[in-house]
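If you count by our numbering, then the sequence shown holds residues -17 to 57, one letter each, in order.
Idealized CB from N, CA, C, for every residue including glycine.
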Amino acid sequence: QYLQLWQIMQRSELSATPDRLIWRWTASGNYSTQSCYMATFHGSTACYSWKLIWKCWAPPRVKFFHWLANQDRCF
-17 QYLQLWQIMQ RSELSATPDR LIWRWTASGN YSTQSCYMAT FHGSTACYSW
33 KLIWKCWAPP RVKFFHWLAN QDRCF
């Protein structure tokens, strides 16, 4: 392993330019809170069932029960 690493390092060149961090979730490469938030949920699906639960005419205790059932939290 040491010899393999030595061969790889022989082909490497160091440069005098300073290192730069690039954020891959924006086109500019700059970090932003919004891009981090979007990256957190990248690939997830949105579920808007909460609108059906909380915007209906039912009493609050029924809404809460349906919300728990939707979250698979009824025991």
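Query, Result
"Under 8 Å between C-beta atoms of Ile35 and His48", "yes"
"Phe47 at chain D interface by Cβ criterion, 8 Å", "Judged by its chain identifiers, the structure shown contains no chain D, having just a single protein chain."
"Helix, strand or coil at Lys37 [DSSP, three-state]", "coil"
"First through last residue of the alpha helix (DSSP H) which encompasses Ser17", "15 to 22"
"Ser17 and Trp32 closer than 8 Å at C-beta", "no"
"DSSP state of Phe57 mapped onto helix, strand, coil", "coil"
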